[in-house]
Ligand code: HEA
Ligand code: HEA
Ligand code: CUA
Ligand SMILES: [Cu+2]
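Residue numbers (the working numbering), protein chains in the order written: chain A, 1 to 225; chain B, 226 to 314; chain C, 315 to 522; chain D, 523 to 1125.
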């Protein structure tokens, strides 16, 4: 059994930043955990009932209250502020990297349909081509995913990229990622979307640029007939 | 009993004010002004009327101060919800 | 404040609390939750309207403003009659209490009546809550939010009328006196609140 | 007011307050006494049996879920009894699994934990602890219970209707929940909504009652800052219920209309807004989770102070922290919607408000530790449960910090990390608090002590098995396992986790079995337990100054309160406790006196 608290390897450009945030919180909460639970156990042993022991008649201490109000406040505030940058980077369209490869991902019970721009580089034209439950992308290239849904809410989840975004019917939501190495990775649905939710999965194929071009070409071919 | 203590407000007068405001609203609503101007004016009049009812008919004006606080307490929540969600659009 | 009154209305405790007897405090607290309930309805309306303005028409195009203005007038009058009933019993005037209560009931009932008429007309014109059946100008969200808000307000008025009838019955039995009129006061609070809600609804639903 | 004034104010008319037991006992028929009773203590017990029943149901549903997750696709032993629409040949169907998850969450939150905390302890404790003869509106109180019963019946009935029970999660996100065409569940989803609307009324009537009672019916001398913490927490909880439940009711009604009369508030096909439902739900939902923890915090504070024989550390800080939680609880709901497509700016705001709400919880945690420091700690069953509340709530709270960080939540949202969080706060927190409360006030409820030995064994095993069940869920989350999935093995990368899932499931079966000890102890002690003295724990609060169980009307004469509730080990008296109504030396007689410590059971 895997009792590890280490995150699996990440293959997106912003993955490490997010993982780092996780490890920072892990350390902070870990320290708080051992500190508080340690004190608790220490007190239970030290002050357990003994004949003739009378508890101290103490009602509290303003000084202590101030300390343990301000310290946690500062700690958690810094956690929030430290998290802000990578949040804005991934989810705020204003900060998306320029010249990205655009794909449209349309979720529906229980499959992922991906639409790629054809030769003209624009989506919504005759030479678009598609793939089902497969997302093919070139490595080291920014890919903007425009999420749509045809029926209910699904959630576009790329564990290895640390990316998750709901696909909401009636809305188009954009997120982006950039793969740092080639390989095959999981695409999962993370929002309950009906009885097939558990099997609404796909695969992300990260190719070298060359491989991607040839795949795109052949796929476009097939679509024409 | 506290109700006995308070001075009797002029209920009929307030009734009159409410009627006038209602007519004013209906008239104002059909003037061709920019939507925002209409909205502000109408809502102002509505709030005025609502206050009249709460303060005099519901005797809030003659209740202890802490009752005012009690009565006003949910309003901030209402504002928070609507304003926050509106930022989505 | 005269002590016998509260003694009859509830067993007041030496801790002053809200300086208001239990029934009245309880009604006020209940009204707070009513505020939140209408917040959820009106709030959703505001949000949906901002999101889809195209579903709404100019005031008066579909909804019958003059008719509802009359209805608003009625409701405001019923608030006066209600408060008159309260003043009457405060002075121990049993006859006045019964008369004003009766007046309030009649006006309240006619408000509901007029609303029913309004609804039937509107539904006839295809102004319905349902998406598939909506046939009027604008969009179905207009219809849905309209019936949601006015419908639940109407329900509150109806419940109010029923409670008033109950109060009138007890008044007939002489249940209320100049010392003990808690029942009259709290149904009054509820009634005025419902009136207050209508004042808001009339403005944002019919005039905006 | 000064004690002198108090005593004088007690002469004459105030002593014979209407409603007090002093007014003289009138005996009443069985029906009025046990079924349609208006006595807050009886109603509290009624809620106790109702919600324990639903706790068992919720646990059973969890067991079924865990069978599927532990042994995917294998026939459930004895599962043949289940109809083919649920589990043909004992093999649980995906749609049935979704119903299990949904109903487990709903029943546990709305029909087990909420009534256990608010219905049971709110009714039992509030009037007793403030020195009132009963609730402000006893009939309304009875109504509150008799609304909960049909609500529960409807919820259970939905399992047996065409299409099965609701299956869109306890959060019932639209548009999935708006039409059977997405889930195959038609009537079930509507019954789910109807049931929750009724349950909402039940909670609401309760809340109105509690608030009025606490504000208006305190005994002389029971100033705001002499109110025991359980009552404080229940008062604040009642306010949250009062303002949060109507919001949910409004949403539920709109959702019901979307399903039945063809409106499209939340259906994009009719230009409705799915996210509007999420906002409405979570605007209620986050205050709700504090509704589920605050009373437990109050109970635990009481038990800790009493069994450590030491004044609660920072009483005022404790109260202010709860008030702060109640305020902040309204501005953090968005942390459930980080990945929902909500405006990212809003996300940042909610991230900041969310971490801030950790601070009042921090204050409470440290004050609990401060209470134990230099105490005289007695390890009775209630104390053991209270202590495990503190230690488990810390874990649950800290896991909340991970998700509070929006980018980290991007990975953890809707994974088992959330499931671990939920159960550390709701089981490790709320439920251990409830165990502490039940074992602590059992003598006051039933006039008999609960078996200590069995109680300790039940505690020990529950504590171990509980951690074996839920701690590994953190690791599942870290590995990226999504929640609400019927069979993780569908995913290549989740297959290695099957072993751990099986381990969890086996632990669950041990955990559930352990609960029979509690059930047995509970019922056995009810009839055969040692008769309880008035004040078995040598506690200070008013409920312990009257016989166990207290008579109808609670107090023979209206008590007078001279001091705060946590005056333990005070130098003023020889005994290590100092009841709130015991007159200070010199002041006239009347109240109770601590005649030396009574023997403490088990210790
Ligand atoms: C009793 C119920 C309860 C309680 C008390 C809490 C408390 C908290 N919760 Fe939890 N939460 C739930 C019940 C609860 N939650 C449920 C049921 C869900 C899932 C809903 C669903 O989707 O089904 C959920 C989901 C949930 C989410 C959404 C996750 C997601 O879906 O992506 C988040 C995100 O921020 C969150 C955060 C928090 C935080 C920050 C607290 C804080 O209040 C915790 C504060 C406490 C501590 C921090 C520990 C003690 C403090 C110290 C020891 C001091 C030192 C600490 C530091 C310096 C950090 N919770
Ligand atoms: C209050 C809350 C509560 C409690 C106590 C529990 C208890 C348990 N929960 Fe629950 N759970 C939730 C609230 C709770 N849960 C919520 C809100 C969700 C989210 C639902 C959703 O996603 O929509 C969830 C989801 C959830 C999941 C995720 C399902 C999924 O996403 O696919 C799982 C999986 O293992 C799980 C397991 C368990 C288990 C094994 C228990 C065990 O602890 C159960 C053990 C048994 C008992 C606690 C009953 C014991 C009985 C007594 C002690 C009374 C006996 C005494 C007398 C009769 C006198 N729960
Ligand atoms: Cu799609 Cu879950
Ligand atoms: Cu929350």
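Glycine included, every Cβ here is placed at the ideal spot set by N, Cα and C.
Everything numeric in this text was worked out from a predicted model, so none of it was measured.
Name the chain G residues that come within less than 9 Å of residue 8 (chain A), Cβ to Cβ?
This model lacks chain G altogether, as its protein chains are A, B, C and D.
Go ahead and label residue 184 (chain A) buried or exposed: buried means 16 or more other beta carbons lie within 10 angstroms of its beta carbon, across all protein chains shown.
Here residue 184 (chain A) refers to the residue found at position 184 when the first chain is read from its first residue. Exposed, by the Cβ-count rule.
Quick one: does the C-beta of residue 394 (chain C) sit closer than 8 Å to a heavy atom of ligand 1?
Taking the first residue of the third chain as 1, we reach residue 394 (chain C) at position 80. Residue 394 (chain C) Cβ: outside cutoff for every heavy atom of ligand 1.
Within-9 Å CB hit, residue 990 (chain D) to chain A:
Indexing the fourth chain from 1 puts residue 990 (chain D) at position 468. No, residue 990 (chain D) does not count as interfacial toward chain A.
I'd like to know whether the C-beta of residue 134 (chain A) is nearer than 9 Å to at least one C-beta of chain D.
Here residue 134 (chain A) refers to the residue found at position 134 when the first chain is read from its first residue. No, residue 134 (chain A) does not count as interfacial toward chain D.
Kindly indicate which residue of C:378, C:520, C:350 and C:498 has the alpha-carbon position closest to the one of residue 301 (chain B).
Position 76 of the second chain, counted from the start, is the residue given in the question as residue 301 (chain B). Comparing Cα-Cα distances from residue 301 (chain B) to each of C:378, C:520, C:350 and C:498, the minimum goes to C:350.
Extract the residue ranges of the alpha helix (DSSP H) inside the stretch 368-442 of chain C, only unbroken runs of 4 or more that lie entirely within it.
379-404 and 408-438
CA nearest to the CA of residue 74 (chain A), picked from D:1028, D:879 and D:1010:
For this step, residue 74 (chain A) is matched to residue 74 along the first chain. Just measuring C-alpha positions, the residue of D:1028, D:879 and D:1010 sitting nearest residue 74 (chain A) is D:879.
So the beta strand (DSSP E) residue 138 (chain A) belongs to, where does it begin and stop?
Position 138 of the first chain, counted from the first residue, corresponds to residue 138 (chain A). Counting along the chain, the beta strand (DSSP E) containing residue 138 (chain A) begins and ends at 134-138.
Buried or exposed: residue 338 (chain C), going by 16 or more other Cβ atoms within 10 Å of its Cβ?
Translated into positions along the third chain, residue 338 (chain C) becomes position 24. Burial call: buried.
Report the rounded CA-to-CA distance for residue 281 (chain B) versus residue 505 (chain C), giving the unit in angstroms.
As a first step, residue 281 (chain B) is located in the second chain; it is residue number 56 there, counting from the start. As a first step, residue 505 (chain C) is located in the third chain; it is residue number 191 there, counting from the start. Residue 281 (chain B) and residue 505 (chain C): Cα-Cα distance of roughly 13 Å.
Assuming residue 897 (chain D) contacts residue 55 (chain A) (C-beta within less than 8 Å), just tell me the rounded distance between them.
The residue labelled residue 897 (chain D) in the question sits at position 375 within the fourth chain. The residue labelled residue 55 (chain A) in the question sits at position 55 within the first chain. Confirmed, about 5 Å.
Collapsed DSSP secondary structure at residue 708 (chain D) in the structure displayed
Taking the first residue of the fourth chain as position 1, residue 708 (chain D) is located at position 186. The three-state secondary structure of residue 708 (chain D), taken from DSSP, is coil.
Using a Cβ-Cβ cutoff of 9 Å, what residues of the stretch 96-120 of chain A are near chain D? List them in chain order.
When C-beta distances to chain D are compared with 9 Å, the residues of the stretch 96-120 of chain A below that value are 109, in chain order.
Considering only C-alpha positions, which residue in the set C:417, C:407 and C:459 is nearest to residue 490 (chain C)?
Position 176 of the third chain, counted from the start, is the residue given in the question as residue 490 (chain C). Looking at the Cα atoms, C:407 is the closest of the given residues.
Which residues in the same chain have their Cβ closer than 7 Å to the Cβ of residue 421 (chain C), if we skip the five residues on either side of it in sequence?
Position 107 of the third chain holds residue 421 (chain C). Closer than 7 Å at the Cβ level, and outside the excluded window around residue 421 (chain C), lie 388, 391, 392 and 395.
Please report the distance separating the alpha-carbon of residue 1081 (chain D) from that of residue 26 (chain A).
In the fourth chain, counting from the first residue as 1, residue 1081 (chain D) sits at position 559. In the first chain, counting from the first residue as 1, residue 26 (chain A) sits at position 26. One C-alpha to the other measures close to 51 Å.
State yes or no: is the beta carbon of residue 801 (chain D) nearer than 9 Å to at least one beta carbon in chain B?
Translated into the one-based positions of the fourth chain, residue 801 (chain D) becomes position 279. Interface residue, yes.
Sort out for me which residues DSSP pairs residue 144 (chain A) with in a bridge.
Position 144 of the first chain, counted from the start, is the residue given in the question as residue 144 (chain A). According to DSSP, which records beta bridges pairwise, residue 144 (chain A) is partnered with A:102 and A:176.
Taking all protein chains shown into account, do 16 or more other C-beta atoms lie within 10 angstroms of the C-beta of residue 636 (chain D), making it buried, or fewer, making it exposed?
Here the question's residue 636 (chain D) lines up with position 114 in the fourth chain. With 16 or more Cβ atoms within 10 Å of its Cβ, residue 636 (chain D) is classed as buried.
Examine chain C for any beta-carbon lying closer than 9 Å to the beta-carbon of residue 820 (chain D), and answer yes or no.
Stepping through the fourth chain from its first residue, residue 820 (chain D) is reached at position 298. Closer than 9 Å: no.
For the stretch 37-60 of chain A, which residues have a CB atom closer than 9 Å to at least one CB atom of chain D, in sequence order?
The stretch 37-60 of chain A vs chain D, Cβ under 9 Å: 37, 39, 40, 41, 43, 44, 46, 47, 48, 49, 50, 53, 54, 55, 56, 57, 58, 59 and 60.
In chain order, what residues of the same chain have a beta carbon less than 7 Å from the beta carbon of residue 512 (chain C), not counting five sequence neighbours either side?
The residue you call residue 512 (chain C) lines up with position 198 of the third chain. Here the set comprises 386, 389 and 467.
Between residue 909 (chain D) and residue 822 (chain D), what straight-line distance do the alpha-carbon atoms span, to the nearest angstrom?
Walking along the fourth chain from the start, residue 909 (chain D) turns up at place 387. Walking along the fourth chain from the start, residue 822 (chain D) turns up at place 300. Those two C-alpha atoms are separated by around 8 Å.
Using C-beta distances below 8 Å, list every residue in its chain close to residue 12 (chain A), excluding the 5 sequence neighbours before and after it, in chain order.
The sequence position of residue 12 (chain A) within the first chain is 12, counting from 1. Cβ neighbours of residue 12 (chain A) beyond the five flanking positions: 158, 160, 161, 162, 163, 177, 178, 179 and 180.
Cβ pair residue 1054 (chain D), residue 968 (chain D) closer than 9 Å:
One-based indexing of the fourth chain puts residue 1054 (chain D) at position 532. One-based indexing of the fourth chain puts residue 968 (chain D) at position 446. Going by C-beta atoms, residue 1054 (chain D) is nearer than 9 Å to residue 968 (chain D).
I need the boundaries of the beta strand (DSSP E) containing residue 206 (chain A), first residue and last residue.
Stepping through the first chain from its first residue, residue 206 (chain A) is reached at position 206. Note, residue 206 (chain A): beta strand (DSSP E), 202-207.
Enumerate in chain order the residues of its own chain whose CB-to-CB distance from residue 1066 (chain D) is below 6 Å, with the five nearest sequence positions on each side excluded.
By 1-based counting over the fourth chain, the position of residue 1066 (chain D) is 544. Same-chain partners within the cutoff: 1057.
Looking at residue 854 (chain D) and ligand 4, is the gap between the Cβ and the nearest heavy atom below 8 Å?
Here residue 854 (chain D) corresponds to residue number 332 of the fourth chain, with the count starting at 1. For ligand 4, at least one heavy atom lies less than 8 Å from the Cβ of residue 854 (chain D).
Under 9 Å, do residue 772 (chain D) and residue 445 (chain C) count as touching if we go by C-beta distance?
Mapped onto the fourth chain, residue 772 (chain D) falls at position 250. Mapped onto the third chain, residue 445 (chain C) falls at position 131. Contact: no.
Nearer than 8 Å: is that true of the beta carbon of residue 945 (chain D) relative to any heavy atom of ligand 4?
As a first step, residue 945 (chain D) is located in the fourth chain; it is residue number 423 there, counting from the start. Flag unset: Cβ of residue 945 (chain D) not near ligand 4.
Who are the neighbours of residue 369 (chain C) on chain D, taking C-beta pairs under 9 Å?
Translated into the one-based positions of the third chain, residue 369 (chain C) becomes position 55. By Cβ distance, chain D contributes 793.
Ligand 6 heavy atom lying under 8 Å from the CB of residue 363 (chain C):
As for ligand 6, it is missing from this structure, which binds only ligand 1, ligand 2, ligand 3 and ligand 4.
Would you grab the beta carbon distance between residue 794 (chain D) and residue 782 (chain D) for me? Rounded to a whole angstrom, and I think it's under 8 Å.
Translated into positions along the fourth chain, residue 794 (chain D) becomes position 272. Translated into positions along the fourth chain, residue 782 (chain D) becomes position 260. Not quite, the Cβ-Cβ distance comes to about 15 Å (not below 8 Å), so this is no contact.
What residue ranges within the stretch 482-521 of chain C form continuous alpha helix (DSSP H) runs of no fewer than 4 residues, ordered along the chain?
496-515
Taking 8 Å as the cut-off, is the CB of residue 692 (chain D) close to at least one heavy atom of ligand 4?
Position 170 of the fourth chain, counted from the first residue, corresponds to residue 692 (chain D). Checking the Cβ of residue 692 (chain D) against ligand 4 gives no.
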